[in-house]
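Structure first, commentary second.
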Amino acid sequence: RKEVEQDPGPFNVPEGATVAFNCTYSNSASQSFFWYRQDCRKEPKLLMSVYSSGNEDGRFTAQLNRASQYISLLIRDSKLSDSATYLCVVNINTGGFKTIFGAGTRLFVKA
Amino acid sequence: IAGITQAPTSQILAAGRRMTLRCTQDMRHNAMYWYRQDLGLGLRLIHYSNTAGTTGKGEVPDGYSVSRANTDDFPLTLASAVPSQTSVYFCASSDKGGTGELFFGEGSRLTVL
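Residue numbers (our numbering), protein chains in the order written: chain A, 1 to 111; chain B, 112 to 224.
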């Protein structure tokens with residue numbers, strides 16, 4: 001089993017739709033969580049950190065469920081520019097920290 | 112501010128050749144990393160350095176070596192390239208060790224024939 005698992009998609013949604021991605025992690029020593037965005041043939045960039053209480057940044061909402069070991073990303077009112085791959089990232093405390101990337105979920109927003 | 116600069120952006124290489132991918136950052140971050148990204152797999156850590164003068168092995172270190180002579184530079188060397196090393200390589204840095212945001216370079220696309 002992969003340490004961080006994501007549905008690869010692709011998710012094809014119309015503009016204005018709401019779309020949600022989930023990511024599950026297997027290591028209970030996971031301590032911090034992030035969503036990164038990666039455009040085609042570009043480098044990953046931090047979209048948002050994920051806090052235990054949940055957090056929102058404009059149209060984006062991230063949630064953490066430690067009991068079930070998953071994090072989610074909700075995108076409201078999708079824009080064409082949201083088309084990208086969304087990477088779930090987990091930092092695990094193994095003495096030092098280990099950063100594990102999910103393989104990513106592809107999103108296509110269409111007009 | 113340049114952030115992280117990688118070179119070359121793309122390279123085709125014959126198997127058996129030696130290759131060094133360069134990575135330079137101007138953010139004075141202590142921690143630097145090399146990842147490879149392959150289709151269907153997440154970014155996988157090759158080597159890392161928590162501070163100048165120290166390096167460590169990541170998840171897939173075999174066939175690669177790194178050095179960290181100073182804070183800014185973190186080159187990755189393939190001593191004798193093999194086709195399975197065909198990948199996109201990303202260098203990254205962080206100012207908070209393994210706990211904070213990772214800043215990535217634009218990537219180096221390597222093809223080994």
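We put the beta carbon where it would ideally sit given N, CA and C, even for glycine.
Quiz item: If you measure from the beta carbon of F215 (chain B) to each beta carbon in chain A, is any gap under 8 Å?
Solution: Translated into the one-based positions of the second sequence, residue 215 (chain B) becomes position 104. Yes, contact with chain A.
Quiz item: The beta strand (DSSP E) spanning T197 (chain B) covers which residue range?
Solution: Against the second sequence, residue 197 (chain B) aligns to sequence position 86. Careful: T197 (chain B) lies outside any beta strand (DSSP E) and carries neither H nor E.
Practice problem: State the Cα-Cα distance for the pair G95 (chain A) and E15 (chain A), rounded to the nearest angstrom. | Solution: Here the question's residue 95 (chain A) lines up with position 95 in the first sequence. Here the question's residue 15 (chain A) lines up with position 15 in the first sequence. One C-alpha to the other measures close to 44 Å.
Exercise. Compile a chain-ordered list of the residues in the stretch 86-101 of chain A whose CB is closer than 9 Å to at least one CB of chain B.
Key: L87, C88, V89, N91, I92, N93, G96, F97, K98, T99, I100, F101
Quiz item: Roughly how far, in whole angstroms, is the beta-carbon of R147 (chain B) from the beta-carbon of Y200 (chain B), given that I think they are within contact range, below 8 Å?
Solution: As a working note, residue 147 (chain B) is residue 36 in the second sequence. As a working note, residue 200 (chain B) is residue 89 in the second sequence. Confirmed, Cβ separation roughly 5 Å.
Practice problem: Please work out which residues of its chain come closer than 6 Å, Cβ to Cβ, to V177 (chain B), disregarding the five sequence neighbours upstream and downstream, and give them in chain order. | Solution: By one-based count along the second sequence, residue 177 (chain B) stands at place 66. Cβ neighbours of V177 (chain B) beyond the five flanking positions: H158, T166, L187.
Quiz item: D183 (chain B): beta carbon under 7 Å from a heavy atom of the ligand FAD?
Solution: Inclusion of the ligand FAD in the displayed structure is not the case, the ligand content being empty and no account of it being possible.
Practice problem: For F185 (chain B), decide whether its Cβ has a neighbour in chain A, counting only Cβ atoms nearer than 8 Å. | Solution: For the purposes of this step, residue 185 (chain B) is taken as residue 74 along the second sequence, with counting starting at 1. Chain A contact via Cβ: absent.
Quiz item: Are the beta-carbon atoms of T135 (chain B) and D184 (chain B) separated by less than 8 Å?
Solution: Here residue 135 (chain B) is taken as the residue at index 24 of the second sequence, counted from 1. Here residue 184 (chain B) is taken as the residue at index 73 of the second sequence, counted from 1. A contact, by the Cβ cut-off of 8 Å.
Quiz item: Do the stretch 68-85 of chain A and the stretch 102-109 of chain A meet, that is, are 3 or more Cβ pairs less than 8 Å apart?
Solution: yes
Quiz item: Taking 8 Å as the CB-CB cut-off, is L154 (chain B) touching chain A?
Solution: Translated into the one-based positions of the second sequence, residue 154 (chain B) becomes position 43. Closer than 8 Å: yes.
Quiz item: Quick one: is N91 (chain A) buried, meaning 16 or more other Cβ sit within 10 Å of its Cβ, or exposed?
Solution: Here the question's residue 91 (chain A) lines up with position 91 in the first sequence. So N91 (chain A) counts as buried.
Quiz item: Got a sec, what are the start and stop residues for the beta strand (DSSP E) H158 (chain B) sits in?
Solution: On the second sequence, residue 158 (chain B) is found 47 positions in, with the first residue counted as 1. Where H158 (chain B) is concerned, the enclosing beta strand (DSSP E) stretches over 155-160.
Quiz item: Quick one: Cα of R37 (chain A) to Cα of L47 (chain A), how far?
Solution: Mapped onto the first sequence, residue 37 (chain A) falls at position 37. Mapped onto the first sequence, residue 47 (chain A) falls at position 47. Their Cα atoms are separated by approximately 6 Å.
Self-check item: Nonlocal neighbours in the same chain, by C-beta distance under 7 Å from N93 (chain A), ignoring five residues either side
Solution: On the first sequence, residue 93 (chain A) is found 93 positions in, with the first residue counted as 1. Only A29, Q31 meet the Cβ criterion.
Quiz item: Is the shortest distance between the beta-carbon of G218 (chain B) and the beta-carbons of chain A less than 8 Å?
Solution: The residue labelled residue 218 (chain B) in the question sits at position 107 within the second sequence. Yes, contact with chain A.
Quiz item: Could you give the distance in angstroms between the alpha-carbon of F60 (chain A) and the alpha-carbon of V13 (chain A)?
Solution: Locating residue 60 (chain A) in the first sequence gives position 60, where the first residue counts as 1. Locating residue 13 (chain A) in the first sequence gives position 13, where the first residue counts as 1. Approximately 16 Å between the Cα atoms of the pair.
Quiz item: What residues in its chain sit with their C-beta under 7 Å from that of D39 (chain A), if we drop five residues either side in the sequence?
Solution: In the first sequence, residue 39 (chain A) corresponds to position 39, counting from 1. For D39 (chain A), where only same-chain residues beyond five positions count, the Cβ hits under 7 Å are A84.
Quiz item: Three-state secondary structure (DSSP) at L47 (chain A)?
Solution: Against the first sequence, residue 47 (chain A) aligns to sequence position 47. Three-state result, L47 (chain A): strand.
Exercise. Identify the contact partners of G164 (chain B) in chain A, using a Cβ-Cβ distance below 8 Å as the criterion.
Key: Taking the second sequence and counting its residues from 1, the one referred to as residue 164 (chain B) is at position 53. Those do not exist, as G164 (chain B) stays about 17 Å from chain A at its closest Cβ, beyond 8 Å.
Quiz item: At a Cβ cut of 8 Å, what residues of the stretch 5-20 of chain A count as close to chain B, listed as they run along the chain?
Solution: P8
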